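Peer 1: The numbering of the sequence shown is the numbering used here, which starts it at -9 and goes up by one.
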Amino acid sequence: MSGTAPDPAGEGGRLRRGFGRLAVFGVVLVVAGLLGIVHTGLATLTSMLLFGWLLLAGGAVGLAHALESRGTGSFWLAAVVAALNIAAGFVVIRHPQEPAEAFTMFAALLFLTGGVFRLVGSVVVRGPQVGWTLLQGAFGVLLGLLVIFEWPRGSLYVLGVFLSLALLFDGLGLIAAGMAGRRVVGLVAEWTAPPGKARDGGAGASEGDQERPDP
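#1: Can you tell me where the alpha helix (DSSP H) with residue 60 in it begins and where it stops?
#2: Checking 8 Å against the spacing of the C-beta atoms, do residue 62 and residue 150 come in under that value?
#3: Mapping the DSSP letters down to three states, classify residue 116 as helix, strand or coil.
#4: If I follow the unbroken alpha helix (DSSP H) through residue 66, where does it start and stop?
#5: Does the Cβ-Cβ distance between residue 153 and residue 26 come in under 8 Å?
#6: Using a Cβ-Cβ distance cut-off of 8 Å, determine whether residue 8 contacts chain D.
#7: Please state the DSSP three-state secondary structure of residue 91.
#8: According to DSSP, is residue 198 part of a helix, a strand, or is it coil?
#9: Going by the CB atoms, is the gap between residue 46 and residue 76 shorter than 8 Å?
#10: Kindly list the residues whose CB is nearer than 6 Å to the CB of residue 72, restricted to its own chain and excluding five residues on each side of it in sequence; keep chain order.
#11: Does residue 7 come out as helix, strand or coil in the three-state DSSP assignment?
#12: Assuming residue 108 contacts residue 126 under a Cβ cut-off of 8 Å, what Cβ separation, rounded to an integer in Å, is found between them?
#13: Hey, is the region 130 to 139 in contact with the region 80 to 88, meaning 3+ C-beta pairs nearer than 8 Å?
#14: Considering only C-alpha positions, which residue in the set 139, 43, 172 and 60 is nearest to residue 78?
#15: Under three-state DSSP, which class holds residue 176?
#16: How long is the line joining the alpha carbons of residue 113 and residue 100, rounded to whole angstroms?
#17: Give the straight-line distance between the Cα atoms of residue 36 and residue 168, rounded to the nearest whole angstrom.
Here it is in C-alpha cells:
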C-alpha cells in the first residue's frame, strides 16, 4: 500500500483560511467590545444574565451527574451543589442588578488589596523593577478606591467597562495573531514552492548560463 504524499499548497491554504477565520473572530470581538463601551449598562446586565445561565447549565449538568451516581457517598453532596447552582442561576437571571453590585464590590476589593500588596512588596523587596511595581500598585489602589467611592451607583457600568475592554483587547490580539499567521504561512509557502513556480526567473537564467557555449 503506497502512502499519499501531503500537498503543501493544500495545507498552506487550510492554514491561511484558519488564520483568516481567527482574524474575523477577532473583528467580531472588537465590535462587541466597542458596543459594550458605548452601552456599558447593557453590557453589565448581559454579563450578569450570561453568568446566570452558566450557573443554570452547570447546575443541570451537576444534577444529572448526581442522579447517575445514586447509591454512592458523593450523591448528596453533588445534589446539594447542583441545587445551589440552579437556585443562584435563577436569582441572578431574575435580579441581575444585585449580583452586579456584589461583583463590583468584589472587584474593587480585589484591586485595592492587590495594589496594597504590590506597594508593600516593592518597598520591602526593592527589586530591579521597583518603579514599575510601585506604579502598578498605586494604579490598583486608585482604581479600587474609585470603584468603592462610586458604589453602588457605578455597579451598572463598572463590570460592563471591564468586560468590554477585555473583549476589545482579546479581539485585537486575535486580529494580530491571524494576520501574522497568514503572513508566516505565505512566506513558508513561497520558500517551499517548487523552483519552477517560485523562482522561474532565477532557474531560467542559470539554465541559460549553463547552455551558453564558450567563445
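C-beta atoms are modelled at their ideal positions from N, C-alpha and C, and glycine is treated no differently.
Here the structure is a predicted model, which is why all the values come from computation and not from measurement.
Peer 2: The answer reads as follows:
#1: Locating residue 60 in the sequence shown gives position 70, counting from the first residue. It is not in any alpha helix (DSSP H) - residue 60 carries neither H nor E in the DSSP assignment.
#2: Indexing the sequence shown from 1 puts residue 62 at position 72. Indexing the sequence shown from 1 puts residue 150 at position 160. No, Cβ-Cβ distance for residue 62 and residue 150 is not below 8 Å.
#3: Here residue 116 corresponds to residue number 126 of the sequence shown, with the count starting at 1. It is coil, neither helix nor strand.
#4: To locate residue 66, count along the sequence shown from 1; it is residue 76. Unbroken alpha helix (DSSP H) run through residue 66: 65 to 84.
#5: Locating residue 153 in the sequence shown gives position 163, counting from the first residue. Locating residue 26 in the sequence shown gives position 36, counting from the first residue. Yes; because the gap between Cβ atoms is below 8 Å, this pair is in contact.
#6: The structure shown contains no chain D, having only a single protein chain.
#7: Mapped onto the sequence shown, residue 91 falls at position 101. Helix at residue 91.
#8: By one-based count along the sequence shown, residue 198 stands at place 208. Model confidence at residue 198 stands at a pLDDT of 46, short of 50, so the residue's coordinates are unreliable; what they give is reported in the following sentence. Residue 198: helix per DSSP, three-state reduction.
#9: Locating residue 76 in the sequence shown gives position 86, where the first residue counts as 1. Locating residue 46 in the sequence shown gives position 56, where the first residue counts as 1. Yes, Cβ-Cβ distance for residue 76 and residue 46 is below 8 Å.
#10: Residue mapping note: residue 72 aligns to position 82 of the sequence shown, counting from 1. 49, 52, 53 and 56.
#11: Mapped onto the sequence shown, residue 7 falls at position 17. If DSSP states are grouped into helix, strand and coil, residue 7 belongs with the helices.
#12: Working through the sequence shown from its first residue, we reach residue 108 at position 118. Working through the sequence shown from its first residue, we reach residue 126 at position 136. At roughly 5 Å, the Cβ-Cβ gap stays under 8 Å, so residue 108 and residue 126 are in contact.
#13: Under the three-pair Cβ rule at 8 Å, the region 130 to 139 does not count as touching the region 80 to 88.
#14: As a first step, residue 78 must be located in the sequence shown, where it is residue number 88. If we check each option's Cα against that of residue 78, 43 comes out closest.
#15: For this step, residue 176 is matched to residue 186 along the sequence shown. In the structure shown, residue 176 sits in a helix (DSSP, three-state: H, G or I).
#16: Along the sequence shown, one-based indexing puts residue 113 at 123. Along the sequence shown, one-based indexing puts residue 100 at 110. Between residue 113 and residue 100, the C-alpha separation is close to 20 Å.
#17: Residue 36 sits at position 46 when you count from the first residue of the sequence shown. Residue 168 sits at position 178 when you count from the first residue of the sequence shown. If I take the Cα positions, the gap works out to 28 Å.
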